[in-house]
Structures are given as C-alpha cells and as structure tokens.
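Encoded as structure tokens, the structure appears first; notes follow it.
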Amino acid sequence: ETLTANDEGKYTIPAAKITGTALTVNVEKTEKSALTIDVSEYIDLNGKIMWLVKAAGTVSEGKVLAYDGSAMFWSEKYNAYSFLVVSTNTEEQMKTEAAGKIAEADAEKTELAYNFDVNLSGQVDINDAQLTYDMYNAKYEDFDTVSMHKFLEADVNGDGIVNVQDSTAVVTEILK
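Residues in the sequence shown are numbered from 1 upward in steps of one, following the UniProt record's numbering.
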C-alpha cells in the first residue's frame, strides 16, 4: 500500500496495519529536479521593463510552476512555463528574484495557443494586430487593462519579445 502525505507533509500508517508483528516501511526519496530559469526583456515600457521569466524542468504530476504564488503559463514555443514581471530591476536582479519566487503549486495548467488571437476574442482580426502594436508601443504598462495572458499570446513568432514582427505576423495571418 502506498501512503500519501497530508498537507503538512506527514504520513499516517492506518491502525489496521499495526498488528503487533514487524512493520516494514520503504521510503523512496527522489531528487528534486533543478529548474532552468531564464529572464529576458520582453517590452520596454519607457523607464520600466516588462521581463519575460521562463522556467523549465520537471514538475510533479498535477502541479504547475508558479511565480510568487501565481500560476505561470505553459508555452510550447519556449518549452517552459512563462510569466511577465514589470520592474525597474536589472536583468541580474530579476534572475535572482525569479529564482526565489518560482515554485510548484496546485493549479490548472494554462497553455498559450499562439494562434494569432491575441485579444482572446475567439477570432483573428485587425484588433489583434492593433493590440500587439499598442503593447510594444507601451500603451499598457501593467496587467490592469490587458491581461498577462494576452501579453504572452502577443509573441506570435516565439522569439521572446513583442515588436513589429509580431504585429506584422498577425496581419499576414489575416490576409491568408
């Protein structure tokens, strides 16, 4: 029989298993896999930077990676979980910060589609190209008006930054 840890990480042997005879407990400890964390500039926001934080590595079944308690988004293009942070910190400061804030969490895995539907309206149209244009021109400097999910979907070419190439790719997709 396999025991499962409770919320505090403790295991309880059922009373029915304690019969007075010898009890054998096998403990298998697996090494926690190291995560590879990468931080890069995603969008320049006129004095602040929107940083793309990517984390790759083995994650326990049923878990996702989270940044400071918020679930990260899975990206097939990056082959990593991704998250955006707006900060005045340097790249090195962000790498140090990210390493301390990324951990496994219980949450549903949200995968980025990169299907040119940047505004997540269900259809690809000129509004997706306009939103992408507005993003890299720093019209939105936080996630109050435009969600992080939409910002991440805007990197339609998967190069790790949002710029005119992404907006052009959306227009090209519309014209197909």
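The C-beta atom is built at its ideal place from N, Cα and C for all residues, glycine as well.
Predicted model only: the values in this text are computed from it and were never measured.
Opposing strand residues paired with residue 203 [DSSP bridges]: Past the boundaries of the shown model lies residue 203; the chain is included only from 1 to 176, so the question cannot be answered.
Endpoints, the beta strand (DSSP E) within which Thr36 is located: Thr36 to Asp44
Assigned secondary structure, Val171 (DSSP; H/G/I helix, E/B strand, else coil): Of the three classes helix, strand and coil, the one that applies to Val171 here is helix, per DSSP.
Pair within 7 Å by beta-carbon distance, Val85 and Lys48: no
Expected contact under 8 Å - CB spacing of Tyr136 and Asn163 to nearest Å: 5 Å
Per-residue DSSP class, three states only, for Ile49: Note: Ile49 maps to strand in three-state DSSP.
Rounded C-alpha distance that separates Lys17 from Asn26: Between the C-alpha atoms of Lys17 and Asn26 there is a straight-line separation of about 14 Å.
Under the three-state DSSP convention, the category Val59 falls into: coil
Inter-residue spacing [alpha-carbon to alpha-carbon] between Leu35 and Ala56: 6 Å
Buried or exposed (CB count within 10 angstroms, at least 16 for buried), Ala98: Around the beta-carbon of Ala98, 16 or more other beta-carbon atoms lie within 10 Å, marking it buried.
Residue span of the alpha helix (DSSP H) that contains Glu97, given as start and end: Looking at the DSSP string, the run of the alpha helix (DSSP H) that includes Glu97 is Glu91 to Lys101.
Tyr81 and Leu65 closer than 7 Å at C-beta: Taking 7 Å as the Cβ cut-off, Tyr81 and Leu65 qualify as a contacting pair.
Segment limits, alpha helix (DSSP H) that includes Tyr11: No alpha helix (DSSP H) holds Tyr11; DSSP gives it neither H nor E.
CA-to-CA distance, Ser40 to Leu152, given in whole angstroms: 13 Å
Limits of the unbroken beta strand (DSSP E) element including Asp67: Looking at the sequence itself, residue 67 is Tyr, so the reference to Asp does not match. Tyr67 -> beta strand (DSSP E) spans Val64 to Tyr67.
Cβ pair Gly158, Lys77 closer than 7 Å: yes
Element boundaries [alpha helix (DSSP H), containing Thr132]: In the DSSP assignment, Thr132 falls within the alpha helix (DSSP H) that extends over Ile126 to Tyr136.
Lys150, enclosing alpha helix (DSSP H) - first and last residue: Its alpha helix (DSSP H) spans residues Met148 to Glu153.
Three CB pairs or more closer than 8 Å across the segment 123–134 and the segment 93–107: no
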